[in-house]
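Notes for the one structure printed next.
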Amino acid sequence: MQVDPSESSASSSRATPPPERAAIMIVMGIVLLYALWTLRIEPAPSAGPVVSVNAGPTSLTAEMIPLVSGDEPIVEVFTKVGCPVCHVIPGIPGANGQVGPPLTLGVTGVQRLADPTYRGRASTVHEYVVESVVDPAAFVVPGYPERTMPVWYGAKLSALALEKIAEYLEHQTGNVPAK
1 MQVDPSESSA SSSRATPPPE RAAIMIVMGI VLLYALWTLR IEPAPSAGPV VSVNAGPTSL
61 TAEMIPLVSG DEPIVEVFTK VGCPVCHVIP GIPGANGQVG PPLTLGVTGV QRLADPTYRG
121 RASTVHEYVV ESVVDPAAFV VPGYPERTMP VWYGAKLSAL ALEKIAEYLE HQTGNVPAK
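The sequence shown lines up with residues 1 to 179 when you count with the UniProt record's numbering.
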């Protein structure tokens, strides 16, 4: 049996790559490894020691800003807060709302505290006004819808504004039409 030397070299060239092909693969592998090595993620160099300071909240949100400070005149406090939209308030221009009860608490406050359905903790009309803003579900005046007074007012009024509102309302005895 004779072996043709041309057949032998053809089959061996298919089994093993020529030297140029092997060299190209080695170079490509080295380039790929180098690229991966240079692209690895490294921490940025530090300019010096990092000092952490706790400065409180990182951002100011609308929920943190009171609607009024309490330094405003009482008419402005009620108007900016929006009370006139739902309530009749003696002495406040445009306060003709019909959704909530009239705010004549100099007359009705004691009655509300004595109401058998009252579940709150207030013992004075002043405390009742504050409680009505901070926890409107503590007492809903009979004849008016539940869950209409916004529960977020307590968080959106400054303490001074809430005190100013309570001081004003506990003395209101004006005549308003009954519902």
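Don't be surprised by glycine CBs; every beta carbon is placed ideally from N, CA and C.
>> Need the endpoints of the alpha helix (DSSP H) that P136 sits in, please.
In response: Here P136 belongs to no alpha helix (DSSP H), and DSSP marks it neither H nor E.
> Which one of A22, I89, E72 and K164 has the shortest CA to CA distance from H126?
Replying inline: K164
> Per DSSP, what kind of secondary structure is L162 in: helix, strand or coil?
Replying inline: helix
> How many angstroms separate the CA atom of G91 from the CA atom of D135?
Replying inline: 25 Å
>> Contact defined as beta carbons within less than 8 Å: I believe L67 pairs with L157. What is the distance between those atoms, to the nearest angstrom?
In response: Taking C-beta atoms under 8 Å as the contact rule, L67 and L157 qualify, at a distance of about 6 Å.
> With a Cβ-Cβ cutoff of 8 Å, do F139 and D115 count as a contact?
Replying inline: yes
> When DSSP builds the beta bridges, which residues end up paired with V68?
Replying inline: L157
> Are the beta-carbon atoms belonging to N96 and V107 less than 8 Å from one another?
Replying inline: no
> Whole-angstrom Cβ separation of V133 and L162, contact assumed at under 8 Å?
Replying inline: 6 Å
> Is I88 helix, strand or coil when you go by DSSP?
Replying inline: The identity of residue 88 in the sequence shown is Val, whereas the question assumes Ile. The answer is strand: DSSP assigns V88 an E or B state.
> Looking at P101 and V141, is the spacing between their C-beta atoms short of 8 Å?
Replying inline: yes
> Apart from the five residues on each side of it in sequence, which residues of its chain come closer than 6 Å, Cβ to Cβ, to E72?
Replying inline: none
> Are the beta-carbon atoms belonging to T148 and V110 less than 8 Å from one another?
Replying inline: no
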